[in-house]
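Structure (structure tokens):
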């Protein structure tokens, strides 16, 4: 399933990470991420795959639909997710949910 800008924006909001943080982790600049989330640009398949992986590690779960776009996004934090985030952030990074 391909990640869309709408799903990226929803997932980023759900994991409560600022745009600059997600853009830095994905290896793209903030204007490109903002344009992608608004449907004005396509950062390319590699950047979209990185975005999806980053957001999934942050606890966003993409729900598939019939086509290639996702039907929605929801949050699901597990202990494994939190460990992955802490490894990615060098411990103490933004988690977005303190009652894990």
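Residue numbers (our numbering): 7 to 106.
Where is the CB? At the ideal position from N, CA and C, for every residue including glycine.
Around the Cβ of residue 63, a 10 Å sphere holds 16 or more other Cβ atoms; the residue is buried. Here residue 90 carries a helix assignment [DSSP, helix/strand/coil].
Runs of beta strand (DSSP E) with 3 or more residues, each lying fully within the stretch 31-80, are found at 66-70, listed in chain order. Residue 57 holds the alpha-carbon nearest to the alpha-carbon of residue 25 among 68, 52, 57 and 9. Its chain contains 11 as the residues whose beta carbon lies nearer than 6 Å to that of residue 45, once the 5 sequence neighbours on both sides are disregarded; these appear in chain order.
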